[in-house]
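Structure first, commentary second.
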Amino acid sequence: MRDTWPLLDKIPFPAIARGQLQTLQVNVGYRCNQSCVHCHVNAGPNRTEEMDGATVDLVIDFLERRRIATLDITGGAPELNPHFRRLVTAARDRAVKVMDRHNLTIQEQPGQGDLANFLAANQVEVVASMPCYLQDNVDKQRGKGVYDGSIRALKRLNALGYGREGSGLTLNLVYNPLGPALPPPQAELEADYKRVLGERFGVRFNSLFTLANMPIQRFGAILLSQGQFDSYLTRLQHAHRAENLDGVMCRSLLSVDYRGYVYDCDFNQMLDLPLSRGARERLHLRDLFDDDISNNPIRVAGHCFGCTAGQGSSCGGALKEAAE
Ligand code: SF4
Ligand code: SF4
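Those letters in the sequence shown? Residues 83 to 406, per the working numbering, in order.
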């Protein structure tokens, strides 16, 4: 797979610095039951990287010590990590809000039959990828049968109260374009999703987050092989809006890899651009128990235009609409 970093590194991006830490985003491993075309993690069934029990313990201690408001668990399919449920319950016991970056079809994998019940019992916010409301587009990007499995999983979550007003169980969906295009306006697309999924399947959800595809890892390699890397980067750069710089997720989020090393965001983790501090080029979570990293410079490069182009993209979807 060709690496886009040498090209991204040459593209300047405005300097930005970290704000107050609110969210710990923990990548508990790169194994996944799917191998989606756009995956910025290059996750799949054959990946073996996985957070071990000692590092999970460290994450739990860090949540408590630094009074972190939100734990955002990602992967791969994070539920495949054997410590996933222990991490969730430990965070909830400490009144930390927990988000699960959930691919829906994982619910039908061996040993995951009660996963939806577990998530509901712990009031975990589910953030589920659903790149389209149409079967063809989903199966093309995520694999054959993924659309039907996703609809079954959404119905299961709905039956437990997810997506219903007043239930306290939040279900958000994530859209990303199929190719090298910017996402359409978030509010309009959300209305279309709600109409189509509601009319066809009775599925309901809270919000739709629209994200641009990042020109890294598997998607980046596809751009290179199809000769579309330069035009996609130019499109992102032309659509850059300076006002989006205030809302990018790296201001308030710290990304942790399966070994416990820290990054400004998950994309930097995948590019192996660790958070650096002074002369220290790579920090571990254990180094930050007593260190306030506010104002630390964020490691930026060409890929960051994926966060600031158009309406902007963050873990919570479009920045423009999030601000309204
Ligand atoms: S995009 Fe998500 S579901 Fe698809 S391979 Fe990557 S981690 Fe797995
Ligand atoms: S990719 Fe986005 S979140 Fe990551 S450092 Fe760049 S602007 Fe921040």
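Built from N, CA and C at the ideal position, the CB exists for glycine as well.
So, using beta-carbon positions, are residue i and residue j closer together than 8 Å?
{"i": "residue 322", "j": "residue 343", "result": "no"}
{"i": "residue 108", "j": "residue 140", "result": "no"}
{"i": "residue 371", "j": "residue 174", "result": "no"}
{"i": "residue 169", "j": "residue 202", "result": "no"}
{"i": "residue 312", "j": "residue 215", "result": "no"}
{"i": "residue 212", "j": "residue 264", "result": "no"}
{"i": "residue 219", "j": "residue 285", "result": "no"}
{"i": "residue 113", "j": "residue 86", "result": "no"}
{"i": "residue 297", "j": "residue 162", "result": "no"}
{"i": "residue 340", "j": "residue 355", "result": "no"}
{"i": "residue 186", "j": "residue 336", "result": "no"}
{"i": "residue 385", "j": "residue 258", "result": "no"}
{"i": "residue 118", "j": "residue 194", "result": "no"}
{"i": "residue 375", "j": "residue 359", "result": "yes"}
{"i": "residue 208", "j": "residue 279", "result": "no"}
{"i": "residue 334", "j": "residue 101", "result": "yes"}
{"i": "residue 150", "j": "residue 106", "result": "yes"}
{"i": "residue 93", "j": "residue 380", "result": "no"}
{"i": "residue 198", "j": "residue 189", "result": "yes"}
{"i": "residue 95", "j": "residue 330", "result": "no"}
{"i": "residue 262", "j": "residue 314", "result": "yes"}
{"i": "residue 287", "j": "residue 248", "result": "no"}
{"i": "residue 160", "j": "residue 182", "result": "yes"}
{"i": "residue 310", "j": "residue 352", "result": "no"}
{"i": "residue 84", "j": "residue 306", "result": "yes"}
{"i": "residue 233", "j": "residue 291", "result": "no"}
{"i": "residue 136", "j": "residue 157", "result": "no"}
{"i": "residue 191", "j": "residue 393", "result": "no"}
Helix, strand or coil for residue i? Go by DSSP, reduced to three states.
{"i": "residue 232", "result": "helix"}
{"i": "residue 97", "result": "coil"}
{"i": "residue 77", "result": "With the chain covering only 83 through 406, there is no way to say anything about residue 77."}
{"i": "residue 103", "result": "coil"}
{"i": "residue 251", "result": "coil"}
{"i": "residue 165", "result": "coil"}
{"i": "residue 391", "result": "strand"}
{"i": "residue 406", "result": "At residue 406 the pLDDT is 44, less than 50, meaning the model places this residue with poor confidence; the figure from the coordinates comes in the next sentence. The answer is coil: DSSP assigns residue 406 none of H, G, I, E or B."}
{"i": "residue 242", "result": "coil"}
{"i": "residue 337", "result": "strand"}
{"i": "residue 160", "result": "helix"}
{"i": "residue 322", "result": "strand"}
{"i": "residue 88", "result": "helix"}
{"i": "residue 126", "result": "strand"}
{"i": "residue 174", "result": "helix"}
{"i": "residue 312", "result": "helix"}
{"i": "residue 300", "result": "helix"}
{"i": "residue 307", "result": "helix"}
{"i": "residue 386", "result": "helix"}
{"i": "residue 284", "result": "coil"}
{"i": "residue 237", "result": "helix"}
{"i": "residue 371", "result": "coil"}
{"i": "residue 351", "result": "helix"}
{"i": "residue 276", "result": "helix"}
{"i": "residue 330", "result": "coil"}
{"i": "residue 218", "result": "helix"}
{"i": "residue 199", "result": "helix"}
{"i": "residue 194", "result": "coil"}
{"i": "residue 142", "result": "helix"}
{"i": "residue 149", "result": "coil"}
{"i": "residue 116", "result": "coil"}
{"i": "residue 205", "result": "coil"}
Does ligand 3 have a heavy atom nearer than 7 Å to the CB of residue i?
{"i": "residue 330", "result": "Among the ligands present in this structure, namely ligand 1 and ligand 2, ligand 3 is not found."}
Residue i bridges to which residues according to DSSP?
{"i": "residue 342", "result": "According to DSSP, which records beta bridges pairwise, residue 342 is partnered with nothing at all."}
{"i": "residue 257", "result": "292"}
{"i": "residue 111", "result": "132"}
{"i": "residue 155", "result": "108, 182"}
{"i": "residue 211", "result": "256"}
{"i": "residue 379", "result": "99"}
{"i": "residue 265", "result": "None, per the DSSP bridge assignment."}
{"i": "residue 356", "result": "345"}
Give every residue whose Cβ lies closer than 7 Å to any heavy atom of ligand 1, listed in chain order. 114, 116, 117, 118, 120, 121, 123, 125, 126, 157, 158, 159, 185, 211, 224
At a cut of 8 Å, does the segment 383-394 reach the segment 312-332 through at least three beta carbon pairs? yes
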